[in-house]
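Taking the numbering used here as reference, the numbering of the first sequence is continuous, increasing by one, and the terminal residue is 528. Glycine residues also receive a C-beta, built at the ideal position from the N, C-alpha and C atoms. Only a predicted model underlies this, so the values are computations on that prediction, with no experimental measurement involved.
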Amino acid sequence: MIRVRFAPSPTGSLHLGSLRTAIVNFLFARKMQASFVLRIEDTDQQRSTEESTRVILDNLQWMGITFDEGPFFQTRRITSHQEYARSLVQNHQAYQCFCPQNEGTNEAFQSKDPCRELSTQAVEANLRQHLPHVIRLRIPDTPIVFHDLIKGEVSFQGGLLEDFVIVRSDGTPTYNFAVVADDHDMGITHVIRGEDHLSNTPKQIALYHAFSWVIPYFAHIPLILGSDKTKLSKRHCDTAIEDYKEKGFLAETLFNYLALLGYTHDPANPILSKEDLIKNFSWDKVSRSASQFDLQRLYWMNKQNLDRLSEEEYLQKASSWIPDLPFTEEKKNRIALLSRNQVKVWSDLPAVFSIFQTYSLPLAEAHLLLSGNQSVSPFLAQVKNELSLSDFSLDSIQKVIEREIEQLALKKRDAMQWLRIAVTGSTVSPALYETIQLLGQEETMHRLGIFLEQRQ
RNA sequence: GGCCCCCUCGUCUAACGGUUAGGACAUCGCCCUUUCACGGCGGCAAUAGGAGUUCGAUUCUCCUGGGGGCUGCCA
73 MIRVRFAPSP TGSLHLGSLR TAIVNFLFAR KMQASFVLRI EDTDQQRSTE
123 ESTRVILDNL QWMGITFDEG PFFQTRRITS HQEYARSLVQ NHQAYQCFCP
173 QNEGTNEAFQ SKDPCRELST QAVEANLRQH LPHVIRLRIP DTPIVFHDLI
223 KGEVSFQGGL LEDFVIVRSD GTPTYNFAVV ADDHDMGITH VIRGEDHLSN
273 TPKQIALYHA FSWVIPYFAH IPLILGSDKT KLSKRHCDTA IEDYKEKGFL
323 AETLFNYLAL LGYTHDPANP ILSKEDLIKN FSWDKVSRSA SQFDLQRLYW
373 MNKQNLDRLS EEEYLQKASS WIPDLPFTEE KKNRIALLSR NQVKVWSDLP
423 AVFSIFQTYS LPLAEAHLLL SGNQSVSPFL AQVKNELSLS DFSLDSIQKV
473 IEREIEQLAL KKRDAMQWLR IAVTGSTVSP ALYETIQLLG QEETMHRLGI
523 FLEQRQ
């Protein structure tokens, strides 16, 4: 039985890079019909918070990433970790180290810790005195080679790894130790994680050797970079999932984008469903190099996804983003549908509603389009007159406007833009006839009146 | 510094060792058009550098350069 896990540490919100790791785990698990385990790595007591655990869980649920087991919490397994450490010390695979904690003496690397060869008597004497100590793994002097599902063969020279700490002086296990113990106990067969863990892998393999445990498969996913090719951080853009949720991206867009970032795909057809992504998942499609995060492409993908929604789906998903206005549901829905093409993310919705909400006189730049043209006022005045007598059906609104354009021998393109500016106060709006109808006769008259007046 | 990973248009990516090095996003121009958006057509744009192997290298090998990661009693 194949078993994989996603193991975030709850020291902040879920990062885009972590999310991609979760996605790859998820795709592989579902493709292989494997068990997917969620484990919260909270061994850093200083920085771990329940709040971020909750946020991470929420984000994963929002993304539709489901688990078969968990969440398990690493700290609940401390006694088990300590058992393992004791057995390692008994077998001389690990040893107590009584050296004082290095305080920033970032000097040349010492491969051999002085406590490594301490006699049993000396160790016992120290323990009797309750001297603070850590437990270090005794790392053999042999090269470590493993096959990574993404990187291929990776080899580390022996003798270069230090005897790293597996249990801190306060008795808690360190990350590299806890991971190995947990992955083993949980029967994890494939360890899929970010490339920042690649250099940890030989240490962890040394632990597997020490315990004579079966070594799992490893897959190290390249990192996501920012626009300057350094590791993606807040300096570049938002990195937390909830930021994208709050901006009004669809979860499926983020999933789709991240799944295809650094992944071979048909460029002519980059919008894929979760099911297709699962079906087509394969390790040889995962790029070996890091990729840059491209926000513009994410926006583009979201627009593509929005365009594919049916009207019902669109309105249903849009509903929580539609501003609270004294309009009927029907009117709100009509506005939402009419303005669809101006919405790339849901947070664009309030802006497109604003022209129906309040009338503000056009900005200076819009006025520039109108200045100097003698036909603007007569045309608008005529339209106002005619519309006031009209039954305000879509059909008659259109007929009135087109008739005036014809009578004054105007270019439709120009005249429509004048009218748009006058009625909406903006150079951009949804389709004008519909917009005018939605505004209603009274409001349209009112706005044209104000506009003509201030144009005197 | 040491160890490890990586390197094709600005970005994401194609290319059994043989292609005019392809596509998509972005950008620019044109068309469509009632503005925006969509769509259509077209332009600009890449094999990091140098050796080697080979009839032939984006592809294989080595060196240099660049980027990243690890080098914590963080994960």
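**Report entry** Contact set for T325: own chain, Cβ-Cβ below 6 Å, skip 5 residues either direction
**Finding:** Against the first sequence, residue 325 aligns to sequence position 253. Excluding residues within five positions, the ones whose Cβ falls inside 6 Å are M373, N374, N377.
Requested in this report: Using DSSP bridges, identify the partner residues of A312.
Outcome: If you number the first sequence from 1, residue 312 lands on position 240. A312 is bridged to H87.
Report task. Consult DSSP for Q105 and reduce its assignment to one of helix, strand or coil. Result -> The residue labelled residue 105 in the question sits at position 33 within the first sequence. Looking at Q105 - three-state DSSP - the assignment turns out to be coil, as it is neither helix nor strand.
Query raised in the report: Does the beta-carbon distance from F425 to I473 come in below 8 Å?
Result: The count along the first sequence starts at 1 and reaches residue 425 at position 353. The count along the first sequence starts at 1 and reaches residue 473 at position 401. Contact: no.
**Report entry** Residues bridged to L160 [DSSP beta-bridge criterion]
**Finding:** Taking the first residue of the first sequence as 1, we reach residue 160 at position 88. According to DSSP, L160 bridges with nothing at all.
Query raised in the report: Rounded to a whole number of angstroms, what is the C-alpha to C-alpha distance between F228 and V415?
Result: In the first sequence, the residue the question calls residue 228 occupies position 156. In the first sequence, the residue the question calls residue 415 occupies position 343. Answer to the nearest angstrom: the Cα atoms are 51 Å apart.
Query - Inter-residue Cα distance where the pair is K483 and V455 - result: The residue you call residue 483 lines up with position 411 of the first sequence. The residue you call residue 455 lines up with position 383 of the first sequence. The alpha-carbon atoms of K483 and V455 are separated by roughly 15 Å.
Query raised in the report: Less than 8 Å separating the beta-carbons of D235 and R158?
Result: The residue you call residue 235 lines up with position 163 of the first sequence. The residue you call residue 158 lines up with position 86 of the first sequence. Going by C-beta atoms, D235 is not nearer than 8 Å to R158.
**Report entry** Assigned secondary structure, I216 (DSSP; H/G/I helix, E/B strand, else coil)
**Finding:** Here residue 216 refers to the residue found at position 144 when the first sequence is read from its first residue. Correct three-state label for I216: strand.
**Report entry** Neighbourhood of T177 by C-beta, 7 Å cutoff - its chain only, sequence neighbours within 5 removed
**Finding:** Along the first sequence, one-based indexing puts residue 177 at 105. A caution first: T177 carries a pLDDT of 43, below 50, which makes its placement in the model unreliable, though a value can still be read off. None.
Query raised in the report: For W355, which option in G84, K103, P80, L88 has the closest C-alpha, if you only look at C-alpha atoms?
Result: The residue labelled residue 355 in the question sits at position 283 within the first sequence. Comparing Cα positions, the closest option is K103.
Requested in this report: Take every Cβ of the segment 290-305, pair it with every Cβ of the segment 266-277, and state whether three or more of those distances are shorter than 8 Å.
Outcome: yes
Query raised in the report: What residue range is occupied by the uninterrupted beta strand (DSSP E) comprising P143?
Result: Within the first sequence, numbered from 1, the residue matching residue 143 stands at position 71. Residues 141-145.
Requested in this report: Can you give me the Cβ contacts of M517 inside the same chain, cut-off strictly under 6 Å, excluding the 5 residues immediately before and after it?
Outcome: Residue 517 sits at position 445 when you count from the first residue of the first sequence. Same-chain partners within the cutoff: S460.
Query raised in the report: Quick one: Cα of T336 to Cα of Q388, how far?
Result: The residue you call residue 336 lines up with position 264 of the first sequence. The residue you call residue 388 lines up with position 316 of the first sequence. In a straight line, the C-alpha of T336 is about 33 Å away from that of Q388.
Query - Exposure of T496, with buried meaning 16 or more beta-carbon neighbours within 10 Å - result: For the purposes of this step, residue 496 is taken as residue 424 along the first sequence, with counting starting at 1. The residue in question, T496, is buried, as its Cβ has 16 or more Cβ neighbours within 10 Å.
Report task. Check whether the Cβ atoms of E113 and A79 sit closer than 8 Å, and answer yes or no. Result -> Looking up residue 113 in the first sequence gives position 41. Looking up residue 79 in the first sequence gives position 7. Yes, they are a contact pair.
Requested in this report: List in chain order: all unbroken alpha helix (DSSP H) runs of 4+ residues lying wholly within the segment 200-275.
Outcome: 247-257
Query raised in the report: In the structure shown, what three-state DSSP assignment does V424 receive?
Result: Looking up residue 424 in the first sequence gives position 352. In this structure, V424 counts as helix in the three-state DSSP scheme.
Query raised in the report: Can you round the beta-carbon distance between G36 and L110 to whole angstroms, since I take them to be within the 8 Å contact cut?
Result: Absent from the structure is residue 36, since the part of the chain shown begins at 73 and ends at 528.
Query - Range covered by the alpha helix (DSSP H) that runs through Q470 - result: On the first sequence, position 398 is the one that residue 470 refers to. 466-479 is the span of the alpha helix (DSSP H), which, as asked, contains Q470.
Query raised in the report: How do the segment 395-406 and the segment 362-370 stand: do at least 3 beta-carbon pairs fall below 8 Å, yes or no?
Result: no
Query raised in the report: CB R72 to CB C169, shorter than 8 Å?
Result: Outside the shown range of the chain (73 to 528) lies residue 72, about which nothing can therefore be said.
Query raised in the report: Cα separation between N272 and I137?
Result: As a working mapping, residue 272 is identified with position 200 in the first sequence. As a working mapping, residue 137 is identified with position 65 in the first sequence. When rounded, the distance between both Cα atoms is 26 Å.
Query raised in the report: Which runs of the alpha helix (DSSP H) fall wholly inside the segment 302-372 and span at least 4 residues, in chain order?
Result: 313-319, 323-332, 346-352
Query raised in the report: For V96, which of A390, L304, I222 has the nearest alpha-carbon?
Result: Stepping through the first sequence from its first residue, residue 96 is reached at position 24. Among A390, L304, I222, the Cα nearest to that of V96 belongs to I222.
Query raised in the report: Does the separation of the CB atoms of R92 and L466 fall below 8 Å?
Result: One-based indexing of the first sequence puts residue 92 at position 20. One-based indexing of the first sequence puts residue 466 at position 394. No.
Query raised in the report: What did DSSP end up calling Q513 once you bin it into helix, strand or coil?
Result: As a first step, residue 513 is located in the first sequence; it is residue number 441 there, counting from the start. Reduced to three states, the DSSP call for Q513 is helix.
Report task. Please name the residue, chosen from S345, G320, F321, that lies closest to L332 on a Cα-to-Cα basis. Result -> Taking the first residue of the first sequence as position 1, residue 332 is located at position 260. Selected option, being the one with the closest Cα: S345.
Query raised in the report: How many Å lie between D338 and E314 at the Cα?
Result: In the first sequence, the residue the question calls residue 338 occupies position 266. In the first sequence, the residue the question calls residue 314 occupies position 242. Distance between the alpha carbons of D338 and E314 is about 29 Å.
Query raised in the report: Do you know how far the Cα of Y505 is from the Cα of R475?
Result: Your numbering for residue 475 matches position 403 in the first sequence. Your numbering for residue 505 matches position 433 in the first sequence. Straight-line Cα distance between these residues: approximately 14 Å.
Report task. Would you mind working out which of S81, V161, S152, R240 sits nearest V127, comparing C-alpha positions? Result -> Translated into the one-based positions of the first sequence, residue 127 becomes position 55. The shortest Cα separation from V127 among S81, V161, S152, R240 belongs to S81.
Query raised in the report: Who are Q168's beta bridge partners in DSSP?
Result: One-based indexing of the first sequence puts residue 168 at position 96. For Q168, which the question treats as bridged, DSSP gives the partners I207.
Requested in this report: For L110, name the three-state secondary structure that DSSP assigns.
Outcome: For the purposes of this step, residue 110 is taken as the residue at position 38 of the first sequence. In the structure shown, L110 sits in a strand (DSSP, three-state: E or B).
Report task. Mind checking who L297 pairs with in its DSSP beta bridge? Result -> Mapped onto the first sequence, residue 297 falls at position 225. Paired residue(s): K303, Q364.
Report task. Please state whether DSSP places Y431 in a helix, a strand or coil. Result -> In the first sequence, counting from the first residue as 1, residue 431 sits at position 359. Note: Y431 maps to coil in three-state DSSP.
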